[in-house]
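When you read off a place in the sequence shown, starting at 1, and then add 134, the result is the number in this note's numbering.
We treat Cβ as the ideally placed atom computed from N, Cα and C, and that holds for glycine.
From a predicted model like this one, the values you see are computed outputs, not experimental measurements.
Structure first, commentary second.
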Amino acid sequence: MTRLKLIRYALALMMIGLMVGVSQWLEQPEVLFPEMAALALGLWVADKRIWLVSRPMLVILMTVCAVFGVLLVRYSPFPMLINVAISFVFTSLSLIITRTTLVPVTSAAMLPLLFGTDSLVYPLSVFIMCIIVVAGQWLLEKSALRQVIISGKKATHKGHNPKHWTKLLLYVLLIAALPLYIGKPLFIVPPLIVMFIEFSSSAAGFRNRPFQVYLLVVIAATVGAIFQYYLHIVLGVSEAYTALLLSVCVFILFEIVGKLFVPASAIALVPMIIPESEVLAYPFQIAVGAAVFLFAAMFFFQKCYRWKRAHLVICFVPGFVRAKMDRPKRKERQAALLPQVSQNNIYRP
């Protein structure tokens, strides 16, 4: 890890601590928006452009979708599943019309539905925190703490295709129907839906590592639940300190695996906004929900059943296991290349 990246991690940590601290100080849980951790990591820490969206549009989209979610909770007469569908359609149209790939807007609109948030404090806090995040990114780039990333290509995100969003909506509703019917919305927490959309739509490299992503998500959920239950609920440590320690562990996890999967950081913070009685069951629900969403994305959208065996091994076998696998064909190829490499390295005056 470079010194500059460490500084950006520290600033993201401060952002998370500020969010949780203000929520605790004002006694307003609506201020706590887990997806903000993902935005801070994506805009400040990541060395590449994760979402194709301008800074002003990011603030507008996140705020508008947060307001829409609260309005649905306040005024919609429909059952939860229908409201989820309405929310999903609204956010998908927002992305299609603006030609952006800011998938976290799905979480901004859906979080109030699943947790019954009807206070306007929530969209106000989303607006303020988005302003801080985009301003922070601008300052990081101006001070050379983060490289300016210019994307000259137009977005090719599948999510700009209405047919693709219709298919996504169908599967989200199919997966969400049972958890909502039995009153267990944590099986489909918004960061999991964001993960599902990304895996089904994006051409990013993480879609070729579903097992690694699954482990990241489950470990993040487990660490989040353990810290919230034992540090905050049992030992009485403040939520701000709990969030800071938790986030440090998640950041270290990202560095260990060498990949930054930002939805995992949001999943780790969700235990702070759920009932205490649900905290210890949260990792199990995330493990089941993540498995179902990843299976749907890989099978029905990526069509992994058409992939070659070598591709499947890379995708579904952890890296440390692949390193120990006996692969004779690979050894044969390496052996065949050795004479050629040696010949090329011969000095010729």
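Check your understanding: Does DSSP put R516 in a helix, in a strand, or in coil?
Key -> This structure gives no information on residue 516, because the portion of the chain shown stretches from 135 to 483.
Point to revise | Selected residue, minimal CA-CA separation from L215, among P313, I265, I150 | key: As a first step, residue 215 must be located in the sequence shown, where it is residue number 81. Across the set P313, I265, I150, the C-alpha of P313 shows the shortest separation from the C-alpha of L215.
Review point. Nearest to G155 by CA position, among L378, I408, A402, F388, is which residue?
Key: To locate residue 155, count along the sequence shown from 1; it is residue 21. From the listed residues L378, I408, A402, F388, the smallest Cα separation to G155 is found for L378.
Review point. Quick one: is N295 buried, meaning 16 or more other Cβ sit within 10 Å of its Cβ, or exposed?
Key: Locating residue 295 in the sequence shown gives position 161, where the first residue counts as 1. N295 is exposed by the Cβ-count criterion.
**Study point:** Assigned exposure category for R280 - 16 Cβ within 10 Å defines buried
**Key:** Here residue 280 corresponds to residue number 146 of the sequence shown, with the count starting at 1. Flag for R280 reads buried.
Practice item. Return the residue from the list A171, D252, C438, L446 that minimises the CA-CA distance to L205. Key: Position 71 of the sequence shown, counted from the first residue, corresponds to residue 205. Nearest option by C-alpha distance: D252.
**Study point:** Nearest to V368 (by Cα), restricted to the options L414, A354, T356
**Key:** Here residue 368 refers to the residue found at position 234 of the sequence shown. Looking at the Cα atoms, L414 is the closest of the given residues.
Check your understanding: How long is the line joining the alpha carbons of V193 and W185, rounded to whole angstroms?
Key -> The residue labelled residue 193 in the question sits at position 59 within the sequence shown. The residue labelled residue 185 in the question sits at position 51 within the sequence shown. Looking at the two C-alpha atoms, the distance is approximately 13 Å.
Review point. If you run the structure through DSSP and keep just helix, strand and coil, what is I316?
Key: As a position in the sequence shown, residue 316 is number 182, starting the count at 1. The DSSP-derived three-state label of I316 is coil.
Point to revise | Close Cβ partners of M432 (< 6 Å) along its chain, the five nearest in sequence each way excluded | key: By one-based count along the sequence shown, residue 432 stands at place 298. By the criterion of a C-beta distance shorter than 6 Å, M432 is surrounded in its chain by P344, C438, once the five residues flanking it on both sides are discounted.
**Study point:** Nearest residue (CA-CA) to V347, options V218, F427, A146
**Key:** In the sequence shown, residue 347 corresponds to position 213, counting from 1. Of V218, F427, A146, the residue nearest in Cα terms is F427.
Check your understanding: Out of I408, W178, V207, which has the shortest C-alpha to C-alpha gap to M148?
Key -> The residue you call residue 148 lines up with position 14 of the sequence shown. Ranked by Cα distance from M148, the options I408, W178, V207 are led by W178.
Review point. From G176 to V237, what does the alpha carbon distance come to, in whole angstroms?
Key: Indexing the sequence shown from 1 puts residue 176 at position 42. Indexing the sequence shown from 1 puts residue 237 at position 103. Distance between the alpha carbons of G176 and V237: 12 Å.
Review point. Out of L308, F388, P168, S411, which has the shortest C-alpha to C-alpha gap to L140?
Key: Your numbering for residue 140 matches position 6 in the sequence shown. Of L308, F388, P168, S411, the residue nearest in Cα terms is F388.
Practice item. For Y364, decide whether its Cβ has a neighbour in chain C, counting only Cβ atoms nearer than 8 Å. Key: Protein chains in the displayed structure number just one, and chain C is not present.
Exercise for review: Classify N295 as helix, strand or coil using the three-state DSSP reduction.
Suggested key: In the sequence shown, counting from the first residue as 1, residue 295 sits at position 161. It is coil, neither helix nor strand.
Exercise for review: Assign A243 to buried or exposed, taking buried as 16 or more other Cβ atoms, counted over all protein chains shown, within 10 Å of its Cβ.
Suggested key: Locating residue 243 in the sequence shown gives position 109, counting from the first residue. Classification for A243: buried.
Review point. The alpha helix (DSSP H) with C264 in it runs from where to where?
Key: Position 130 of the sequence shown, counted from the start, is the residue given in the question as residue 264. Unbroken alpha helix (DSSP H) run through C264: 255 to 276.
Practice item. Measure the CB-CB distance between L247 and V207 and report whether it falls below 8 Å. Key: In the sequence shown, residue 247 corresponds to position 113, counting from 1. In the sequence shown, residue 207 corresponds to position 73, counting from 1. For L247 and V207, yes; Cβs fall inside 8 Å.
Review point. Is it true that the segment 411 to 425 meets the segment 350 to 370, where meeting means three or more beta-carbon pairs spaced less than 8 Å apart?
Key: The answer is yes - the segment 350 to 370 touches the segment 411 to 425, with three or more Cβ pairs under 8 Å.
Point to revise | Helix, strand or coil at E161 [DSSP, three-state] | key: Taking the sequence shown and counting its residues from 1, one reaches residue 161 at position 27. Correct three-state label for E161: coil.
Exercise for review: With a threshold of 16 other CB atoms inside 10 Å of the CB of T235, please say whether the residue is buried or exposed.
Suggested key: Residue mapping note: residue 235 aligns to position 101 of the sequence shown, counting from 1. It is buried - the Cβ of T235 has at least 16 other Cβ atoms within 10 Å.
Practice item. Return yes when at least one heavy atom of the ligand MN lies under 7 Å from the C-beta of V268, else no. Key: Among the ligands in the structure shown, none appear at all, so the ligand MN cannot be discussed.
Review point. So, P324 versus T240, is the Cβ gap smaller than 8 Å?
Key: For the purposes of this step, residue 324 is identified with residue 190 of the sequence shown, where counting begins at 1. For the purposes of this step, residue 240 is identified with residue 106 of the sequence shown, where counting begins at 1. Result yes, Cβ atoms of P324 and T240 sit closer than 8 Å.
**Study point:** Helix, strand or coil at P213 [DSSP, three-state]
**Key:** In the sequence shown, the residue the question calls residue 213 occupies position 79. DSSP places P213 in the coil class of the three-state scheme, outside both helix and strand.
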